[in-house]
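Encoded as structure tokens, the structure appears first; notes follow it.
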């Protein structure tokens, strides 16, 4: 088993050849990787079975097993995902602006790869191919560190991807896996400053917390979403109901699902019973403040903790507010800065919400569920950043790049 | 003396009001701050005298004292600097792109402030007003932590700036100073994740190293420049000489000064004696590899360490290389990723250098000394980033901002 330093050294070397590659060299390699997944479906399924046996022995939850399991269809989807990445425009080499300075130098800002990207993730083996191929397309070497539950699947996948690179100009070390899945290796990776240009953790609140406490490598924090829907006094009942039902129930386990409903006191009495009825088919548990309780049939009292919690489940905190300002203050205090919605027909209220709410995605009259790289039209997504540095919101290929200034002179000195 | 947590809480609150301010509110406040510096020149000079007395008692070097000392002219320059910042276009609110997605949502990417910025710097008191006013213009609250050598000057400056904010909509806590100048307070600041959105260290290699080892707050690394000038076989002698003299001697103490000269073996014999003569008036010490030594009159042998060192002095490492590739490999290995130059009349060599050298600023036929926010035409500079995340190269106002997505819907659900 290679040490992280060995992986890091090889990745850094691979990054250099990758940064110099043309788009067609990268796209051809991606197509080979995609085909290799299809060709080796049996091998992947066999490896995945080993993970599933171990998972059952370790009494892992059904939910987790569902994330872990691969089928022929899922492998086909992973292969198709790589093909789609091959079709995306290449951000590398693009010059975002070019100008002449006072000394007559022509200065351009050109997109270049970040270098070596580390990704720490949990049980889904599809992240191995998704994240690996996205980093590759953006010209980066990648070191992947998946969860121990998926280690057999991940090893098989990486072996296949590396093998697919054999006939190309890229060394297999372009995409590497950390086979040591102990917590120590994870922490060591978080401090691998010499080799990693950025670390992207993809996982639950606990992983993100460990990264924040431990990492000295530059990190892009992703995916904690305590998202709010605020129904203004000037909201339409049907639109408000549709949006909260969609934001809460269409997929509650993801970070762009809504967790708290804030509602203006002027409409609470009329709207809340309708909303409760609309949420009933999903058995959504409502945890309400005192005022909201009085309008709801089956709600239970909310605790302080409920305002802070990303339930990721069929649970919704409900609070009646006396004004838009109070709604914004609540969001300021409890939001993780992911996605927030105002439902209103009032122009001024919408604009104030846009201006004053400080989150990655701020919506007027739409569901939080749209915060997603594909829905935004990026054609890909490596995660949703909830930090303000480098990238904020859904991250596509561009967010996996850096820039350099290229300067054309004719002997200028200063 | 307030604790860092108290400063952090106040800054976070101030950041909210700052984010909602209009450009004219901010510019008016900047003009008041500028005027206040001029009005209180005497107070600032008196405080500065206390720092100078302490500096002399502590036997601080002349070089350091020169950085510390304020005069009426220097204070006027600081005040003028703030006025210039007031005149710059406000990046906040700008929408960098707006499009419609498949669901018919109108999605825009809008510039917003980062929030709270921490700056750790050393003895120059002008950083207090420069950095403070730049962060302010970009809508950020700032916590400044200057060196203990300048504590009296910094306290006076901050007091004057805060006082100038009294008639404005901004709380004085918009710009704060850490008065505790112990190393512990500095380290605590590096881990103030709850309050700081980013930390920008401005100082020598030792400070940067401590930050890298200690910080858990997102950091923008600045200002280490082991910069290279490569003279190609197809270079013009006069241009090559002018560029290396300018890059080394015009201001050796700054990060964009050149530290190593690489020269192609085909021209070493002709060029090196001319270059040595041109550098002689500055008494530049040449530390050369074996080949270069044979062409130089007064050089001494270079050690391994010399290739790695940012001398910040009238010292230049010199190495003869057999090819452009060897030059690029040397840069790859020893550069800090700041600024590198090729001097050549060969088109293919210039393009290869641009493509393959991975530094913030890559020049053909110009001096490294142009790597500077003002020279690039940004109208301001908060530092020169040598990292790849968020910002790379000279950082102006835009680099002190983040973005958020503003989304206009009409009831869309997913």
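Chains as they are written, first to last, in full-length UniProt numbering: chain D, 1 to 414; chain U, 1 to 414.
The C-beta atom is built at its ideal place from N, Cα and C for all residues, glycine as well.
Only residues of its own chain outside the window of five on either side were considered, and among them 135, 140, 142, 198 have a CB closer than 6 angstroms to the CB of residue 117 of chain D, listed in chain order. Not a single C-beta of chain U is nearer than 9 angstroms to the C-beta of residue 349 of chain D.
Taking C-alpha positions only, residue 292 of chain U is separated from residue 399 of chain D by approximately 44 angstroms. Under the 8 angstroms Cβ criterion, the stretch 377–389 of chain U does not count as touching the stretch 10–21 of chain U, having fewer than three qualifying pairs. Residues of chain D with a Cβ closer than 8 angstroms to the Cβ of residue 412 of chain U are, in chain order, 365, 366, 367, 370. At a C-beta separation below 7 angstroms, residue 99 of chain U has these neighbours in chain D: 377. At a cut-off of 9 angstroms between C-beta atoms, residue 239 of chain U counts as an interface residue with respect to chain D.
One finds nothing in chain U with a Cβ atom closer than 7 angstroms to the Cβ of residue 254 of chain D; even the nearest lies about 11 angstroms away.
Against chain D, a Cβ distance below 8 angstroms from residue 242 of chain U picks out 411, 413. In this structure residue 195 of chain D is buried. Its beta-carbon is surrounded by 16 or more other beta-carbon atoms within 10 angstroms. DSSP lists U:315 as the beta-bridge partner residues of residue 285 of chain U.
Out of D:323, D:151, D:57, the CA that lies nearest to the CA of residue 182 of chain D is found in D:151. From the beta-carbon of residue 198 of chain D, the residues of chain U found nearer than 9 angstroms are 388, 389.
Residue 35 of chain U has a beta carbon lying at 9 angstroms or more from every beta carbon in chain D. Around residue 92 of chain U, the same chain offers 111, 112, 113, 138, 139, 401 as residues with beta carbons nearer than 7 angstroms, after the five sequence neighbours per side are excluded. Residues of the stretch 173–191 of chain D with a C-beta less than 7 angstroms from any C-beta of chain U: none at all. Look at the beta carbons and you see the stretch 229–238 of chain U touching the stretch 247–266 of chain U: at least three pairs across the two are nearer than 8 angstroms.
According to the DSSP assignment, residue 162 of chain D belongs to the alpha helix (DSSP H) that extends over 151–164. For residue 228 of chain U, no alpha helix (DSSP H) encloses it; the enclosing beta strand (DSSP E) starts and ends at 227–231. Contact between residue 278 of chain U and residue 341 of chain U fails: their C-beta atoms lie close to 16 angstroms from each other, not under 8 angstroms. Going by beta carbons, residue 16 of chain D and residue 325 of chain U fall outside the 9 angstroms limit. Residues of the stretch 253–284 of chain D whose Cβ lies closer than 7 angstroms to any Cβ of chain U: none. Between residue 334 of chain D and residue 409 of chain U, the CB-CB gap reaches or exceeds 9 angstroms. DSSP places residue 353 of chain U within a helical segment (H, G or I) once states are collapsed to three. Contact of residue 125 of chain U with chain D is not assigned, every C-beta pair being separated by 9 angstroms or more. Each residue's CA atom was taken as its position, placing residue 28 of chain U and residue 250 of chain U some 37 angstroms apart.
DSSP lists D:116 as the bridge partner or partners of residue 141 of chain D. Within the same chain, 225, 339, 368, 369, 371 come within 6 angstroms of residue 256 of chain D by CB-CB distance, once the 5 residues on both sides are set aside. Between residue 188 of chain U and residue 4 of chain U, the alpha-carbon positions lie close to 8 angstroms from each other.
Residue contact with chain D for residue 107 of chain U: present (Cβ-Cβ distance below 9 angstroms to some residue of chain D).
For residue 10 of chain U, the uninterrupted alpha helix (DSSP H) segment begins and ends at 4–19.
No Cβ of chain U is located within less than 9 angstroms of the beta carbon of residue 383 of chain D. Taking the C-beta atoms as reference points, residue 156 of chain U is found nearer than 9 angstroms to residue 47 of chain U. Contact between the stretch 162–180 of chain U and the stretch 48–58 of chain U is absent: fewer than 3 CB-CB pairs across the two stretches fall below 8 angstroms. Counting every other CB atom within 10 Å of its CB across the protein chains shown gives residue 347 of chain U a total below 16, marking it as exposed.
Judged by DSSP in its simplified three-state form, residue 264 of chain U adopts strand.
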